[in-house]
Amino acid sequence: MFFAAFLGHPSYEPTWRGALQRHAAWLGLSAHPYTRTLGDGRVFAFGWASVSAPDADALVRDGGHRLVLIPLDTPTRDIALTDAPLRGFLTTATRLDVSLVTGDVQVAVPVMTLEKFYYARVADGWLLGNDLRILIRLAGLDLDERAVYAIFQYSSIPSPLSISRTVHRAVPGHILTLPADGSEARLRRSFRVGDLAGEWDGRDAGDYVAAAMDAAIARTQPPVAVHFSGGVDSALVAARLAALGRRDARLQRFTPGPSDPFHDLSPKMAAHLGLAFEEMYWNPSDIVPILESLAREYATPFADPAALPTLMLIRAMSRWPVQPTAVLTGTGAQSLFASGAKAAKFRRVYRVPRALRRLVGAAYPLGLWRSASRVGWFVGAVNKAASLPPEYAAAGGHSSLDGFAFHMPPRARRELEDVALAEIDALAGDAGLAERIAVSGVVRNALCQCGARPFDPLRRRGIRTVMPFTEPETVRAAFSLSWEQKCPNGVPKALLKELLARQLPREWVYVPKGRFLLPYHETFSHPETREFVRDVVLSPGNPVLALCEPKHVEEVFRRVETGRPVHVGVRPFAWAITFLSAWLDGLRRA
Numbered sequence: 129m130f131f132a133a134f135l136g137h138p139s140y141e142p143t144w145r146g147a148l149q150r151h152a153a154w155l156g157l158s159a160h161p162y163t164r165t166l167g168d169g170r171v172f173a174f175g176w177a178s179v180s181a182p183d184a185d186a187l188v189r190d191g192g193h194r195l196v197l198i199p200l201d202t203p204t205r206d207i208a209l210t211d212a213p214l215r216g217f218l219t220t221a222t223r224l225d226v227s228l229v230t231g232d233v234q235v236a237v238p239v240m241t242l243e244k245f246y247y248a249r250v251a252d253g254w255l256l257g258n259d260l261r262i263l264i265r266l267a268g269l270d271l272d273e274r275a276v277y278a279i280f281q282y283s284s285i286p287s288p289l290s291i292s293r294t295v296h297r298a299v300p301g302h303i304l305t306l307p308a309d310g311s312e313a314r315l316r317r318s319f320r321v322g323d324l325a326g327e328w329d330g331r332d333a334g335d336y337v338a339a340a341m342d343a344a345i346a347r348t349q350p351p352v353a354v355h356f357s358g359g360v361d362s363a364l365v366a367a368r369l370a371a372l373g374r375r376d377a378r379l380q381r382f383t384p385g386p387s388d389p390f391h392d393l394s395p396k397m398a399a400h401l402g403l404a405f406e407e408m409y410w411n412p413s414d415i416v417p418i419l420e421s422l423a424r425e426y427a428t429p430f431a432d433p434a435a436l437p438t439l440m441l442i443r444a445m446s447r448w449p450v451q452p453t454a455v456l457t458g459t460g461a462q463s464l465f466a467s468g469a470k471a472a473k474f475r476r477v478y479r480v481p482r483a484l485r486r487l488v489g490a491a492y493p494l495g496l497w498r499s500a501s502r503v504g505w506f507v508g509a510v511n512k513a514a515s516l517p518p519e520y521a522a523a524g525g526h527s528s529l530d531g532f533a534f535h536m537p538p539r540a541r542r543e544l545e546d547v548a549l550a551e552i553d554a555l556a557g558d559a560g561l562a563e564r565i566a567v568s569g570v571v572r573n574a575l576c577q578c579g580a581r582p583f584d585p586l587r588r589r590g591i592r593t594v595m596p597f598t599e600p601e602t603v604r605a606a607f608s609l610s611w612e613q614k615c616p617n618g619v620p621k622a623l624l625k626e627l628l629a630r631q632l633p634r635e636w637v638y639v640p641k642g643r644f645l646l647p648y649h650e651t652f653s654h655p656e657t658r659e660f661v662r663d664v665v666l667s668p669g670n671p672v673l674a675l676c677e678p679k680h681v682e683e684v685f686r687r688v689e690t691g692r693p694v695h696v697g698v699r700p701f702a703w704a705i706t707f708l709s710a711w712l713d714g715l716r717r718a
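Numbering (my numbering), first residue to last: 129 to 718.
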């Protein structure tokens, strides 16, 4: 379900309605528009592009003088629809309150939500929605260089920025007010980070977390699928499904092939849990069709290389005799149960004066990005610490090619850093560094990157994305436990591993797990991919390339294509510029 709305003069309503119809048709969906007339003669038009007609009775409450809307149906929508004060940590559902008398609009955006909500001003009123693309259709695209650099540096765009200066994103955990008098939009925080903690009753910490996950999983209707890597996080989701007797679950795993060290272990885990299992193999011939479809699949650009295999998994579901109602993932566990353990290390690193970090890190874009050596790794890490706030670096940021592949203007760098830190401050307040890293990791990494991979493609197909670790119960359980309870002796996710070992052999749980890396050489050396990169990414007409150093960007691709050594932080840049360029090109062609 993709939601869009317009508040303003009735003469603009046909333009908005026509745009919704065209957008839905482009996505292969149906448009379902509604219009209400306000007391002053203006209109509030709203609607969805969706596979089937939305359940308006469940999503819309009409009180005569006030309209309450849930733009995206989630398992916790009933909490959002209560008349209790809006608190941004108890639900994953965004809520709109529209006065049919004055025309004032309030949008309550929860903290832990995959849904991004946008707004834009047009001459005749306000545009709103959870799909950036339709707002760009109506408000126009004015590429924001800060957002482009954010994707290069952070892999996602911090709120309130979007890829276009004409559209703004509502900050999670806040209430956005769009006044009827046409004055500037206002934001008010709807939670305090300290309120995230639940009330731990002293029971076994593993039982406490398991009960929270079970409550979130129990809201899903059968049948469901699990994106299953064989790692601790997704394996624990599968294990809790098995513990609940959910034999309707089907585990789906991506693998680059038999060379994968966990190729044999994953099906053994599934068999042990009594759950169906499917493995999807890497197919380079699928790459270009997926690249050409990115603008249709994703409502906003971001940069997570695992988006490519995720789309391969989702497309494979079309062959299933029965489509799942939801896909569950283990996303969020790293941020809530491991990332805070890094705080002490990052405190030490960031005590080194930034000028010194930048001096050492300068060797990275000047040449050490071409190295996979220990020295290259060290300088890349220093470069990351010089380029990113600690909350971003600890939560999965990567080394920057600023100074080689692109040169971020000092003004843009300052503005981007201010926005990034302001978002963290708005969400985490004056919490300690460990909690700030955890909140940043959940909101930026789990929700805006890893969780974003399946979210838009699945909702386009009428399927929910459910991440049990970021559902309210599990988040509150995680924040109510100390880091020593979650990571005893500093071991990341030790609590989750012990919980998983109750259902799987310990030697399976504690086998060293590797981080998933896109097969970059296989991806970018494929002839069709090379042609796509030449025609779209390296095209002189690509607006993203205008913010880069084209010759140096081409050098990056030549090294990746030929399999020559590069620092691990370089590969995400190749994917980031490819994704963003493909997304903008697809939007332009729409």
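All C-beta atoms, glycine included, are put in the ideal place defined by N, C-alpha and C.
Quick check on this structure: which residue in the options has the alpha carbon closest to the alpha carbon of residue i?
i: PRO640; options: GLN631, LYS625, LEU646; result: LYS625
i: PRO410; options: GLY136, TRP144, ALA704, GLU650; result: Residue identity differs from the one stated: residue 410 is Trp in this sequence, not Pro. Measuring from the Cα of TRP410, the nearest candidate turns out to be GLU650.
i: CYS555; options: TYR140, THR204, ALA298, HIS160; result: Sequence check: residue 555 is Leu here, not Cys. Looking at the Cα atoms, ALA298 is the closest of the given residues.
i: GLN281; options: PHE534, ALA248, ASP361, PRO142; result: PHE534
i: ALA77; options: ALA333, GLU407, TRP328; result: No answer is possible for residue 77: it lies beyond the span of the chain, which begins at 129 and ends at 718.
i: GLU682; options: PRO596, PHE532, ASP272, PRO600; result: PHE532
i: SER284; options: VAL321, LYS244, ASP252, ARG314; result: LYS244
i: SER467; options: ALA622, ARG589, PRO452; result: ALA622
i: SER311; options: ASP272, ALA248, LEU403; result: ALA248
i: SER357; options: GLY669, ALA377, PHE382; result: PHE382
i: GLN349; options: ASN573, THR593, VAL619; result: THR593
i: ARG716; options: ILE345, PRO671, ARG699, THR453; result: PRO671
i: ALA339; options: LEU369, ARG320, PHE319; result: LEU369
i: ASP190; options: PHE172, SER528, SER180, ILE279; result: PHE172
i: ARG194; options: THR202, ALA186, GLY167; result: GLY167
i: GLU635; options: ARG374, LYS396, ARG223; result: LYS396
i: GLY253; options: PRO655, ALA313, GLU519; result: ALA313
i: LYS470; options: ALA704, GLU689, GLY136, LEU561; result: LEU561
i: ALA110; options: PRO384, ILE345, SER446, HIS391; result: The question about residue 110 has no answer here: the residues shown for the chain are numbered 129 through 718.
i: PRO288; options: LEU419, ALA343, ILE552; result: ILE552
i: GLY460; options: ALA435, SER568, VAL510; result: SER568
i: GLY192; options: ALA181, THR230, THR219, PRO620; result: THR230
i: PHE607; options: HIS137, ILE264, ALA186, ARG320; result: ARG320
Should residue i and residue j be called a contact, given that it needs their Cβ atoms to be closer than 8 Å?
i: MET240; j: VAL570; result: yes
i: THR598; j: LEU575; result: yes
i: LEU256; j: ALA267; result: no
i: ALA522; j: ILE591; result: no
i: ARG261; j: HIS151; result: yes
i: ARG205; j: ALA221; result: yes
i: ALA132; j: ASP323; result: no
i: PRO286; j: ALA500; result: no
i: HIS355; j: PRO199; result: no
i: VAL141; j: PHE130; result: It should be pointed out that residue 141 corresponds to Glu in this sequence rather than to Val. Contact: no.
i: ARG375; j: GLY402; result: yes
i: ALA399; j: LEU379; result: no
i: SER290; j: TYR246; result: yes
i: ALA605; j: TYR336; result: yes
What is the C-beta distance between residue i and residue j, in whole angstroms, given that I count them as a contact (C-beta under 8 Å)?
i: ASP232; j: PRO307; result: 6 Å
i: ASP309; j: SER292; result: So it is not a contact: roughly 25 Å between Cβ atoms.
i: LEU75; j: PRO585; result: Since the displayed the chain opens at 129 and closes at 718, residue 75 lies outside it and no answer follows.
i: ARG316; j: HIS296; result: About 16 Å separates the two Cβ atoms, so there is no contact after all.
i: ARG498; j: ARG687; result: 7 Å
i: ARG274; j: LEU544; result: 5 Å
i: LEU155; j: ALA177; result: 6 Å
i: ARG170; j: LEU228; result: Not quite, the Cβ-Cβ distance comes to about 10 Å (not below 8 Å), so this is no contact.
i: PHE474; j: LYS614; result: PHE474 to LYS614, Cβ: 17 Å. No contact.
i: VAL416; j: THR706; result: No, VAL416 and THR706 are not in contact; Cβ-Cβ is about 11 Å, not under 8 Å.
i: PRO412; j: HIS654; result: 4 Å
Against chain C, with Cβ distances strictly below 8 Å, would residue i count as a contact?
i: SER290; result: In the structure shown, chain C does not exist; there is a single protein chain.
Along the chain, which unbroken stretches of the beta strand (DSSP E) at least 3 residues long are found entirely within the segment 451-523?
454-456
If we count Cβ pairs, one from each stretch, closer than 8 Å, do we get three or more for the segment 359-376 versus the segment 626-636?
yes
Would the segment 490-501 count as touching the segment 688-699 if we require 3 or more Cβ pairs under 8 Å?
yes
Considering only residues of the segment 288-316, which uninterrupted beta strand (DSSP E) runs meet the minimum length of 3 residues and lie entirely inside it, listed in chain order?
302-306
Three or more C-beta pairs below 8 Å linking the segment 323-343 and the segment 422-441:
no
Pick out the complete alpha helix (DSSP H) segments inside the segment 150-235, 4 residues or longer, and give them in chain order.
184-187, 205-208
Touching or not, the segment 419-427 and the segment 709-716, by the rule of three or more beta carbon pairs under 8 Å?
yes
At 3 residues or longer, and completely inside the segment 573-622: list those beta strand (DSSP E) runs for me, N to C.
592-594
Does the segment 506-519 come close enough to the segment 467-485 to have 3 or more Cβ pairs within less than 8 Å?
yes
Beta strand (DSSP E) runs wholly inside the segment 340-387, at least 3 long, in chain order
352-355, 378-383
Where in the segment 668-705 do unbroken runs of the alpha helix (DSSP H), each at least 4 residues long, occur, reported from the N-terminal end onward?
678-690
Could you name each continuous beta strand (DSSP E) segment of 3 residues or more that falls completely within the segment 386-412, going from the start of the chain to the end?
404-409
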